[in-house]
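What follows is a set of notes on a single structure, which appears directly below.
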Amino acid sequence: MSSATVSTRRNARAFHYFGCEFDEASFGRFFLDPKAFGEKLAYLGFTVVKPLPETMIGRTCIVPPAETECIAFPYEPNLFGTDLKVLSLPFQEQDKEVAACATNALWTMLHGTAQVFEHTVLTPLQITRSALAHSPLIRRTLPNEGLDISQIAAVIRGIGWKPS
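Converting from the sequence shown to the working numbering requires adding 5 to each position, the first position being numbered 1.
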């Protein structure tokens, strides 16, 4: 397996993974003629690494193992002007500020259901704000310590569904 690293917005780095071995010269040739590599490139996905002291793993889309049955949708990252494609369901590390456990679970779920039911994918901050919009604020919105069941239900109602 090989990987490439590029800088993204706000000093984050994106790591791209490939299922084939290649050296620096062949990687350079890829950018001159990506179609020449075809399926041999075997793009496996990417991870965004954020420049934060504790929570570094941002959006990650990696091809699931072949023997697993899971929901996967096309994501099309761009690497140095070359469009790539990976079938995946994104996930990311939970943090202590915005996206605790339930928020991240909702974020991942909304990525999958948006592909099927055509609703908006909320950011972790939008999920937290939606969850707390109808709750009496006993504490500050951020940092958020996590969502309770009624707050999770509020997010689900917010996209037009009826939680049960």
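A virtual CB, placed ideally from N, CA and C, is assigned to each residue, including glycine. Owing to the predicted nature of the structure, the values given are computational and were not obtained by experimental measurement.
Contact belief for GLN97 with ARG64 at Cβ below 8 Å, rounded distance in angstroms: 5 Å
CA nearest to the CA of LEU130, picked from ALA119, CYS75 and GLY151: GLY151
Is there a C-beta anywhere in chain D that falls below 8 Å from the one on VAL53? Of the protein chains in this structure there is only one, and it is not chain D.
Is the distance from the Cβ of THR5 to the Cβ of PHE20 below 8 Å? For residue 5 there is no data in the structure shown, the boundaries of the chain being 6 and 169.
Helix or strand or just coil, what does DSSP make of ALA107? helix
Using a 10 Å radius around the Cβ and a threshold of 16 neighbouring Cβ atoms, would you call PRO168 buried or exposed? exposed
Identify the residues that DSSP records as bridge partners of ILE67: which are they? ILE67 is bridged by DSSP to GLY50.
Indicate the three-state DSSP secondary structure (helix, strand or coil) for LEU152 in the structure shown. coil
With DSSP as the reference, please indicate the residues paired to LEU62 in a beta bridge. It should be pointed out that residue 62 corresponds to Ile in this sequence rather than to Leu. Partner(s): VAL54.
May I ask you to report which of helix, strand or coil DSSP gives SER93? strand
Can you look up LEU84 in the DSSP assignment and give me helix, strand or coil? In this structure, LEU84 counts as strand in the three-state DSSP scheme.
For the region 83-93 against the region 118-132, do three or more pairs of beta-carbon atoms, one drawn from each stretch, fall closer than 8 Å, so that the two count as touching? no
Could you give the DSSP three-state label for PHE39: helix, strand or coil? Residue 39 is actually Pro in this sequence, not Phe. Here PRO39 sits in helix by DSSP.
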